[in-house]
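Below: the structure, in C-alpha coordinates.
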Amino acid sequence: MLRGQPFNDRRDAGRQLAAALPELDPATTVVIALPRGGVPVAEEICNARHLPLDLVLVRKIGVPRQPEVAAGAIVDGAPAKVFVNQQVAKRAGLSEETVRKMGQDLLPEIERRKAQYLKGFARPDLAGKTLVVVDDGVATGATLKASLQALCEMGPKRVILALPTAPSDTLKTLTQLADEIICLHQPELFLSVGTAYRYFPQVSDKDVIEAMQRCAASDG
(Lines of atoms letter the chains of each structure in order from A and count residues from 1; the text may use other names and numbers.)
(Lines give C-alpha, C1' and ligand atoms only; values in the text may rest on other atoms or scores of the structure.)
Protein backbone atom coordinates (compact mmCIF):
# COMPACT_ATOMS: atom_id res chain seq x y z
CA MET A 1 0.00 0.00 0.00
CA LEU A 2 1.30 3.45 -0.85
CA ARG A 3 2.55 5.67 1.93
CA GLY A 4 -0.19 8.02 3.11
CA GLN A 5 -2.90 5.74 1.72
CA PRO A 6 -3.98 3.59 4.67
CA PHE A 7 -6.92 2.05 2.80
CA ASN A 8 -6.89 0.00 -0.37
CA ASP A 9 -10.55 0.83 -1.04
CA ARG A 10 -13.79 1.60 0.80
CA ARG A 11 -14.36 -2.04 1.72
CA ASP A 12 -10.91 -2.28 3.26
CA ALA A 13 -11.72 0.84 5.28
CA GLY A 14 -14.96 -0.76 6.45
CA ARG A 15 -13.18 -3.89 7.63
CA GLN A 16 -10.66 -1.80 9.54
CA LEU A 17 -13.45 0.22 11.17
CA ALA A 18 -15.32 -2.97 12.11
CA ALA A 19 -12.23 -4.13 13.99
CA ALA A 20 -11.94 -0.78 15.80
CA LEU A 21 -15.54 -0.54 16.99
CA PRO A 22 -16.49 -1.53 20.55
CA GLU A 23 -18.72 -4.51 21.34
CA LEU A 24 -22.21 -3.87 19.98
CA ASP A 25 -25.48 -5.73 20.49
CA PRO A 26 -27.07 -6.54 17.09
CA ALA A 27 -30.52 -6.37 18.68
CA THR A 28 -30.10 -2.74 19.71
CA THR A 29 -27.65 -1.37 17.13
CA VAL A 30 -28.21 0.03 13.63
CA VAL A 31 -25.51 1.05 11.18
CA ILE A 32 -26.47 4.27 9.36
CA ALA A 33 -24.64 4.99 6.10
CA LEU A 34 -24.44 8.24 4.16
CA PRO A 35 -24.92 7.32 0.49
CA ARG A 36 -23.38 6.87 -1.78
CA GLY A 37 -19.76 6.60 -0.65
CA GLY A 38 -20.50 5.51 2.89
CA VAL A 39 -22.47 2.43 1.85
CA PRO A 40 -19.59 0.06 0.89
CA VAL A 41 -17.81 1.03 4.12
CA ALA A 42 -20.94 0.39 6.18
CA GLU A 43 -21.72 -2.89 4.45
CA GLU A 44 -18.39 -4.33 5.59
CA ILE A 45 -19.15 -3.26 9.17
CA CYS A 46 -22.57 -4.91 8.97
CA ASN A 47 -21.07 -8.11 7.60
CA ALA A 48 -18.33 -8.31 10.24
CA ARG A 49 -20.54 -7.41 13.20
CA HIS A 50 -23.87 -8.90 11.99
CA LEU A 51 -25.65 -5.55 12.26
CA PRO A 52 -28.61 -4.12 10.29
CA LEU A 53 -28.08 -1.30 7.80
CA ASP A 54 -30.13 1.83 7.15
CA LEU A 55 -29.44 5.09 5.33
CA VAL A 56 -29.61 8.78 6.12
CA LEU A 57 -30.43 10.68 2.94
CA VAL A 58 -28.98 14.17 2.87
CA ARG A 59 -28.22 16.81 0.25
CA LYS A 60 -25.96 19.81 0.63
CA ILE A 61 -27.51 23.21 -0.06
CA GLY A 62 -24.77 24.92 -2.04
CA VAL A 63 -24.19 28.65 -2.23
CA PRO A 64 -25.14 30.03 -5.68
CA ARG A 65 -22.07 30.11 -7.98
CA GLN A 66 -20.13 28.29 -5.23
CA PRO A 67 -21.96 24.94 -5.00
CA GLU A 68 -19.11 23.32 -3.06
CA VAL A 69 -19.75 25.75 -0.15
CA ALA A 70 -22.62 24.57 2.05
CA ALA A 71 -25.17 27.12 3.22
CA GLY A 72 -27.03 24.23 4.81
CA ALA A 73 -28.38 20.76 4.16
CA ILE A 74 -31.70 18.97 3.86
CA VAL A 75 -32.14 15.58 5.53
CA ASP A 76 -34.85 13.03 4.77
CA GLY A 77 -37.47 12.52 7.46
CA ALA A 78 -41.14 12.86 8.24
CA PRO A 79 -41.05 15.70 7.43
CA ALA A 80 -37.66 16.42 5.85
CA LYS A 81 -35.54 18.84 7.88
CA VAL A 82 -33.50 21.78 6.60
CA PHE A 83 -30.46 22.83 8.63
CA VAL A 84 -29.02 26.28 7.90
CA ASN A 85 -25.37 27.21 8.34
CA GLN A 86 -26.01 30.71 9.60
CA GLN A 87 -22.42 31.93 9.21
CA VAL A 88 -22.07 30.76 5.61
CA ALA A 89 -25.55 31.99 4.67
CA LYS A 90 -24.84 35.43 6.10
CA ARG A 91 -21.51 35.72 4.27
CA ALA A 92 -23.25 34.71 1.03
CA GLY A 93 -26.03 37.25 1.56
CA LEU A 94 -28.70 34.55 1.88
CA SER A 95 -31.58 34.79 4.33
CA GLU A 96 -32.60 31.73 6.35
CA GLU A 97 -35.88 31.67 4.43
CA THR A 98 -34.00 31.58 1.11
CA VAL A 99 -31.79 28.69 2.24
CA ARG A 100 -34.82 26.75 3.43
CA LYS A 101 -36.51 27.29 0.06
CA MET A 102 -33.36 26.10 -1.71
CA GLY A 103 -33.44 23.01 0.48
CA GLN A 104 -37.04 22.24 -0.39
CA ASP A 105 -36.08 22.43 -4.07
CA LEU A 106 -33.72 19.49 -3.45
CA LEU A 107 -36.42 17.34 -1.88
CA PRO A 108 -37.44 15.60 -5.15
CA GLU A 109 -33.90 14.23 -5.53
CA ILE A 110 -33.97 12.89 -1.97
CA GLU A 111 -37.35 11.29 -2.64
CA ARG A 112 -35.99 9.75 -5.85
CA ARG A 113 -33.06 8.24 -4.01
CA LYS A 114 -35.27 6.99 -1.19
CA ALA A 115 -37.59 5.27 -3.66
CA GLN A 116 -34.61 3.64 -5.38
CA TYR A 117 -32.51 2.66 -2.41
CA LEU A 118 -35.19 1.64 0.08
CA LYS A 119 -37.86 0.06 -2.09
CA GLY A 120 -39.43 -2.78 -0.11
CA PHE A 121 -37.06 -2.14 2.78
CA ALA A 122 -38.52 -2.11 6.31
CA ARG A 123 -36.72 0.72 8.08
CA PRO A 124 -35.90 0.14 11.76
CA ASP A 125 -37.09 2.33 14.61
CA LEU A 126 -34.05 4.28 15.79
CA ALA A 127 -35.44 5.43 19.14
CA GLY A 128 -33.46 3.97 22.03
CA LYS A 129 -30.91 2.35 19.70
CA THR A 130 -27.15 2.65 19.35
CA LEU A 131 -26.44 4.21 15.97
CA VAL A 132 -23.14 3.72 14.15
CA VAL A 133 -23.04 6.54 11.59
CA VAL A 134 -20.68 5.80 8.70
CA ASP A 135 -19.26 7.67 5.71
CA ASP A 136 -16.17 7.07 3.56
CA GLY A 137 -14.59 10.17 5.08
CA VAL A 138 -15.35 13.81 5.70
CA ALA A 139 -13.74 17.10 4.69
CA THR A 140 -15.78 20.07 5.92
CA GLY A 141 -18.48 18.02 7.66
CA ALA A 142 -21.42 20.17 6.56
CA THR A 143 -23.73 17.37 5.39
CA LEU A 144 -22.53 14.98 8.08
CA LYS A 145 -23.30 17.53 10.78
CA ALA A 146 -26.85 17.96 9.46
CA SER A 147 -27.25 14.18 9.33
CA LEU A 148 -26.14 13.79 12.94
CA GLN A 149 -28.46 16.59 14.05
CA ALA A 150 -31.40 14.89 12.35
CA LEU A 151 -30.52 11.49 13.80
CA CYS A 152 -30.13 12.88 17.32
CA GLU A 153 -33.71 14.17 17.10
CA MET A 154 -34.91 10.56 16.61
CA GLY A 155 -34.09 9.68 20.21
CA PRO A 156 -31.19 7.22 19.94
CA LYS A 157 -29.57 5.94 23.13
CA ARG A 158 -26.06 6.41 21.76
CA VAL A 159 -24.43 7.72 18.58
CA ILE A 160 -21.04 6.46 17.38
CA LEU A 161 -19.48 8.24 14.42
CA ALA A 162 -17.20 5.90 12.45
CA LEU A 163 -14.99 7.40 9.74
CA PRO A 164 -11.97 6.13 7.83
CA THR A 165 -10.46 9.59 7.41
CA ALA A 166 -11.07 13.23 8.38
CA PRO A 167 -9.17 16.36 9.39
CA SER A 168 -8.93 16.81 13.16
CA ASP A 169 -10.39 20.34 12.99
CA THR A 170 -13.58 19.01 11.39
CA LEU A 171 -13.90 16.25 13.97
CA LYS A 172 -13.79 18.84 16.75
CA THR A 173 -16.93 20.47 15.31
CA LEU A 174 -18.79 17.15 15.53
CA THR A 175 -17.97 16.13 19.10
CA GLN A 176 -21.21 17.52 20.55
CA LEU A 177 -23.27 15.44 18.12
CA ALA A 178 -21.75 12.02 18.84
CA ASP A 179 -21.08 10.11 22.04
CA GLU A 180 -17.98 8.56 20.50
CA ILE A 181 -15.95 9.29 17.36
CA ILE A 182 -13.74 6.66 15.78
CA CYS A 183 -11.55 8.01 12.96
CA LEU A 184 -8.69 5.85 11.78
CA HIS A 185 -6.72 8.40 9.73
CA GLN A 186 -6.28 12.05 10.66
CA PRO A 187 -3.41 13.38 8.55
CA GLU A 188 -1.69 16.60 9.55
CA LEU A 189 -2.13 17.86 5.99
CA PHE A 190 -5.62 16.86 4.82
CA LEU A 191 -6.05 17.25 1.07
CA SER A 192 -9.22 15.29 0.34
CA VAL A 193 -11.07 12.13 1.35
CA GLY A 194 -9.90 10.31 -1.76
CA THR A 195 -6.20 10.74 -0.99
CA ALA A 196 -6.55 8.22 1.87
CA TYR A 197 -7.48 5.50 -0.64
CA ARG A 198 -5.44 3.69 -3.24
CA TYR A 199 -8.61 2.89 -5.20
CA PHE A 200 -11.50 5.38 -4.89
CA PRO A 201 -14.08 4.95 -7.68
CA GLN A 202 -17.49 6.56 -7.82
CA VAL A 203 -20.25 4.60 -6.08
CA SER A 204 -23.35 4.27 -8.25
CA ASP A 205 -27.03 4.09 -7.35
CA LYS A 206 -26.90 0.45 -8.48
CA ASP A 207 -24.08 -0.23 -6.01
CA VAL A 208 -26.16 1.20 -3.17
CA ILE A 209 -29.30 -0.74 -4.12
CA GLU A 210 -27.39 -4.03 -4.33
CA ALA A 211 -25.68 -3.44 -0.99
CA MET A 212 -29.01 -2.74 0.69
CA GLN A 213 -30.46 -5.92 -0.81
CA ARG A 214 -27.52 -8.02 0.39
CA CYS A 215 -27.72 -6.63 3.92
CA ALA A 216 -31.49 -7.11 4.07
CA ALA A 217 -31.10 -10.73 2.93
CA SER A 218 -28.39 -11.52 5.48
CA ASP A 219 -30.32 -9.75 8.25
CA GLY A 220 -33.42 -11.74 7.41
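Numbering (numbering that gives the first Met the number 0), first residue to last: 0 to 219.
Glycine included, each C-beta is placed from N, C-alpha and C at the ideal position.
When the alpha-carbon of GLN103 is set against those of PHE120, ALA216 and GLY71, the nearest one is in GLY71. For ALA77, the secondary structure class from DSSP, reduced to helix, strand or coil, is coil.
Taking ASP24 as reference, the option from ARG14, ALA47 and ASN7 with the minimal CA-CA separation is ALA47.
Leaving aside the five residues that flank VAL83 on each side, the residues in its chain whose CB is nearer than 6 Å to its CB run, in chain order, GLY71, GLU95 and VAL98. The continuous stretches of alpha helix (DSSP H) do not include ASP53, which lies in the beta strand (DSSP E) extending over residues 52-54. Sequence-distant Cβ neighbours of LEU117 in its own chain, meaning closer than 8 Å and more than five residues away, are LEU54 and MET211.
DSSP, reduced to helix, strand and coil, places LEU160 within a strand of the structure shown. Three or more Cβ pairs closer than 8 Å define a contact, and the stretch 179-189 falls short of that threshold against the stretch 200-219. Taking the Cα of GLY119 as reference, the smallest distance to any Cα among ALA215, ASP11, GLN15 and ALA12 is reached at ALA215.
Distance from the CA of PRO21 to the CA of ARG64, rounded to the nearest whole angstrom, comes to 43 Å. ASP11 and LEU130 have their C-alpha atoms some 21 Å from each other. With a 10 Å radius around the Cβ and a threshold of 16 neighbouring Cβ atoms, PRO200 comes out exposed. Between the beta-carbon of VAL29 and that of LYS128 there is about 5 Å, and that keeps the pair under the 8 Å contact cut.
Every beta strand (DSSP E) of 3 residues or more that sits fully in the stretch 70-140 is shown, in chain order, as 80-83 and 129-133. Here DSSP, grouped into helix, strand and coil, assigns ALA32 to strand. A residue is called buried when at least 16 other Cβ atoms come within 10 angstroms of its Cβ; PRO78 does not meet this threshold and is exposed. Rounded to the nearest whole angstrom, the C-alpha separation of GLY140 and VAL158 is 16 Å. Under DSSP, no beta-bridge partner is assigned to LYS205. If the five residues before and after LYS171 are omitted, its C-beta is found closer than 8 Å to no C-beta atom of its own chain.
With respect to the 8 Å criterion, ALA138 and THR174 are not classified as neighbours on the basis of their beta carbons.
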